[in-house]
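*Asks:* Attaching a single structure in structure tokens format; questions to follow.
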Amino acid sequence: MKILLISPPTISAIKAIVGTTGPPLSLAYLASMIRGGHDVKIVDSLAEDYTYRDVERIIKKYDPEVVGITSTTSMIPDAYTVAKIAKMHNENVKVVMGGPHVTFVPERTFKECPYIDFIVRGEGEITFKELIDALDKGKDTSNILGLSINMEGKVRNNPPRPLIKDVDTIPMPSYDLLPMEKYRADG
């Protein structure tokens, strides 16, 4: 499957002051979990100074089957816009959102943004991998722990996934998919 992981265009006070930002490690970890059998790309809109038009151009060119979007509360409107852009390009693309905001308010998130198909709650590495495997094989997603599913107006919140006890079981982040040269500050 072709999977595009996106950190949405947003305004960052830290980047405005320091001149740089940190890499979206959550996306780099997710990429490491699924790279083995899939074509994965990461778009860090903040580091690359991408606009919504840039993101739209990338989505059209790459034509992913799954778009994964990370979001904090401050950037949730931006994440919603990216979800809409993805669905406007291809109504069959699966849009997955993760991050602290959606973890705590999945019902509200689906209500505010009907373009989202799945929400990964909590630590996303295992949940996201299981979701991608299920989508790839056309299997049921209703038993994937830590997953919320948008069922056309109804929300299914699967039971939470326990925290990862041994973090050494998670592969190193896919730094090679990130513009690492952009994460340096002068001085």
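First residue of the sequence shown: 41, per the numbering used here; consecutive thereafter. By construction, the Cβ of each residue, glycine as well, lies at the ideal position given by its N, Cα and C atoms.
For S47, list the residues DSSP reports as bridge partners.
*Replies:* Within the sequence shown, the letter at position 7 stands for residue 47. Paired residue(s): D84.
*Asks:* What residue range does the alpha helix (DSSP H) around V95 cover?
*Replies:* On the sequence shown, residue 95 is found 55 positions in, with the first residue counted as 1. Start and end: 92 to 102.
*Asks:* Given 8 Å as the limit, is there contact between the segment 153 to 171 and the segment 181 to 200, that is, 3 or more CB pairs closer than that?
*Replies:* Yes, they touch.
*Asks:* Would you kindly work out how many angstroms separate the C-alpha atoms of L65 and P199, rounded to a whole number?
*Replies:* Mapped onto the sequence shown, residue 65 falls at position 25. Mapped onto the sequence shown, residue 199 falls at position 159. So the two alpha carbons sit approximately 25 Å from each other.
*Asks:* How many whole angstroms separate the CB atoms of T1 and P48, which I take to be in contact at a CB cut-off of 8 Å?
*Replies:* With the chain represented from 41 up to 227, any question about residue 1 goes unanswered, as that position is not in the structure.
*Asks:* Below 8 Å on the Cβ atoms is my contact criterion, and I expect V160 with V136 to pass it. Report the Cβ-Cβ distance as a whole number of Å.
*Replies:* The residue given as residue 160 occupies position 120 in the sequence shown. The residue given as residue 136 occupies position 96 in the sequence shown. Indeed they touch by this definition, with Cβ atoms about 6 Å apart.
*Asks:* Flag this pair as yes or no: are the beta carbons of P104 and L44 separated by less than 7 Å?
*Replies:* Numbered from its first residue, the sequence shown carries residue 104 at position 64. Numbered from its first residue, the sequence shown carries residue 44 at position 4. Yes, these two residues count as a Cβ contact at 7 Å.
*Asks:* In whole angstroms, what is the alpha-carbon distance linking L86 and A71?
*Replies:* Numbered from 1 along the sequence shown, position 46 holds the residue referred to as residue 86. Numbered from 1 along the sequence shown, position 31 holds the residue referred to as residue 71. Their backbone Cα atoms lie some 18 Å apart in a straight line.
*Asks:* Measuring only the C-alpha atoms, how far is T181 from K194?
*Replies:* To locate residue 181, count along the sequence shown from 1; it is residue 141. To locate residue 194, count along the sequence shown from 1; it is residue 154. In a straight line, the C-alpha of T181 is about 15 Å away from that of K194.
*Asks:* What are the residues that DSSP puts in a beta bridge with H187?
*Replies:* If you number the sequence shown from 1, residue 187 lands on position 147. Correcting the residue type first, residue 187 is Leu in the shown sequence and not His. L187 pairs with V160.
*Asks:* Measuring alpha carbon to alpha carbon, tell me which of P202, E88, I125, R224 ends up nearest I109.
*Replies:* As a working note, residue 109 is residue 69 in the sequence shown. Ranking P202, E88, I125, R224 by Cα distance to I109 puts I125 first.
*Asks:* Taking C-alpha atoms, which residue in R201, P211, V106, T209 lies nearest to H78?
*Replies:* Start at 1 with the first residue of the sequence shown, and residue 78 comes out as number 38. With distances taken between Cα atoms, H78 lies closest to V106.
*Asks:* At which residues does the beta strand (DSSP E) containing V107 begin and terminate?
*Replies:* By one-based count along the sequence shown, residue 107 stands at place 67. Element bounds for V107: 106 to 110.
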